[in-house]
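Each residue of the sequence shown is one higher than the last, beginning at 35 in the numbering used here.
Glycine residues also receive a C-beta, built at the ideal position from the N, C-alpha and C atoms.
Working notes for the structure below.
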Amino acid sequence: MNAISGSEVTPEGFLYTGFGELMFFVGPDQTPVAARVRTLEEGCLPVLSYTVLHLGIDYAVTLFAASAPSGQIIDYVRVTLRNPGQKPHAAFLTTAFRY
């Protein structure tokens with residue numbers, strides 16, 4: 035609110051800022067994230083979360099933006115990887131930025 039610019043989450047689950055797009059890929063084959071279902075924190079806060087399951091690994095992504103005192107938008111992304119199984123697995127997370 036009251037910021038110079040904003041950010042949005044694309045239908046795929048990427049982060050678009052108007053200047054470029056932060057993309058997420060999972061697995062050794064670098065499969066693009068396709069997160070169609072996203073939830074708001076506590077049902078109303080502007081903190082988006084989604085989970086992707088790929089090759090037995092859960093990738094939990096949380097995104098939110100905040101306005102700095104200068105009026106610039108700062109985007110925050112947290113990705114947590116979890117192995118729900120009993121066997122060890124290698125996990126891969128790749129990010130890319132396109133403009």
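Would you tell me roughly how many angstroms separate the C-alpha atoms of residue i and residue j, rounded to the nearest one?
i: Val71; j: Phe98; result: 16 Å
i: Gly61; j: Leu89; result: 7 Å
i: Leu117; j: Val81; result: The amino acid at residue 117 is misidentified as Leu; the sequence shows Asn. Approximately 24 Å, taken between the alpha carbons.
Using a threshold of 7 Å, state whether the C-beta atoms of residue i and residue j are closer than that.
i: Phe126; j: Leu56; result: no
i: Thr129; j: Phe58; result: yes
i: Gly47; j: Tyr93; result: no
Who are the Cβ neighbours of residue i in its own chain at under 8 Å, not counting the five residues just before and after it?
i: Ile108; result: Ala99, Ala100, Ser101 and Ala102
i: Gln64; result: Phe126 and Thr128
Give me, in chain order, the residues of the same chain whose beta-carbon lies closer than 7 Å to that of residue i; leave out the 5 immediate sequence neighbours on both sides.
i: Phe53; result: Tyr133
Is it buried or exposed, residue i, if we count other Cβ atoms within 10 angstroms and call 16 or more buried?
i: Ala124; result: exposed
i: Leu49; result: buried
Tell me, to the nearest whole angstrom, how far the beta carbon of residue i is from that of residue j; I am working on the premise that it is less than 8 Å.
i: Val86; j: Val111; result: Rounded, the Cβ-Cβ distance is 14 Å, inconsistent with contact.
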